[in-house]
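Working notes for the structure below.
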Amino acid sequence: MNRNLIKIEGLLVFAACIYAYVMSDYKLLWFFAFLLLPDLSMFGYLGGNRIGAISYNLAHTYVISGLILFLGILANSDMLIQVGLIWTAHIGMDRVMGYGLKYETHFKDTHLNRI
Numbered sequence: 001m002n003r004n005l006i007k008i009e010g011l012l013v014f015a016a017c018i019y020a021y022v023m024s025d026y027k028l029l030w031f032f033a034f035l036l037l038p039d040l041s042m043f044g045y046l047g048g049n050r051i052g053a054i055s056y057n058l059a060h061t062y063v064i065s066g067l068i069l070f071l072g073i074l075a076n077s078d079m080l081i082q083v084g085l086i087w088t089a090h091i092g093m094d095r096v097m098g099y100g101l102k103y104e105t106h107f108k109d110t111h112l113n114r115i
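Residue numbers for the sequence shown follow this note's numbering, beginning at 1 and rising by one.
Set out below in structure tokens:
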């Protein structure tokens with residue numbers, strides 16, 4: 001049940017980010033062009049499981065994307081707001097698909113399940 005709640009939560013986050021992006025009149029082309037950019041963090045696995053898990057988790061936690069979004073709102077910076085929304089949407093999308101934060105044991109070991 002917890003896994004399903006996290007998937008629903010991810011869907012709501014993803015939908016809210018798209019809604020906020022569209023309502024802010026930002027171009028959807030940029031949204032979809034950069035939506036998968038946080039997955040570049042997987043290159044950290046070239047340095048081993050520990051470094052890979054750290055780099056992946058830093059790019060896939062709501063803490064950093066939320067902080068960027070918050071700073072963008074405070075600074076009234078459209079660029080930071082867009083980055084925060086796209087990044088947060090990516091994390092929500094990953095949660096919907098069942099991808100969680102990684103453990104150092106193996107790429108497939110996540111806080112949601114083994115993929």
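All C-beta atoms, glycine included, are put in the ideal place defined by N, C-alpha and C.
Point to revise | Any C-beta of chain B under 8 Å from that of Gly72 | key: Absent here is chain B; the protein component of the structure consists of one chain.
Check your understanding: Buried or exposed: where does Tyr19 fall if 16 or more other Cβ atoms within 10 Å of its Cβ makes it buried?
Key -> Start at 1 with the first residue of the sequence shown, and residue 19 comes out as number 19. The residue is exposed, with fewer than 16 neighbouring Cβ atoms inside 10 Å.
Check your understanding: Which term fits Ala53, buried or exposed, when burial requires 16 or more other beta carbons within 10 angstroms of its beta carbon?
Key -> By 1-based counting over the sequence shown, the position of residue 53 is 53. Its Cβ being crowded by 16 or more others within 10 Å, Ala53 is buried.
Point to revise | Asn57 and Leu101 closer than 8 Å at C-beta | key: Locating residue 57 in the sequence shown gives position 57, where the first residue counts as 1. Locating residue 101 in the sequence shown gives position 101, where the first residue counts as 1. Leu101 is positioned such that its CB atom lies closer than 8 Å to that of Asn57.
Point to revise | Own chain residues within Cβ distance below 7 Å of Trp87, not counting five before or after | key: For this step, residue 87 is matched to residue 87 along the sequence shown. The residues are Pro38, Ser65, Ile68.
Review point. Does the distance from the CB of Ile81 to the CB of Gly92 come in under 8 Å?
Key: Position 81 of the sequence shown holds residue 81. Position 92 of the sequence shown holds residue 92. Their beta carbons are not under 8 Å apart, which means Ile81 does not touch Gly92 by this criterion.
**Study point:** Beta-carbon proximity check, Cys17 vs Ala89, cutoff 8 Å
**Key:** Locating residue 17 in the sequence shown gives position 17, counting from the first residue. Locating residue 89 in the sequence shown gives position 89, counting from the first residue. Between Cys17 and Ala89, the CB-CB gap stays under 8 Å.
Practice item. Return helix, strand or coil for Thr88, following the three-state DSSP convention. Key: The residue labelled residue 88 in the question sits at position 88 within the sequence shown. Thr88 falls in the helix class under three-state DSSP.
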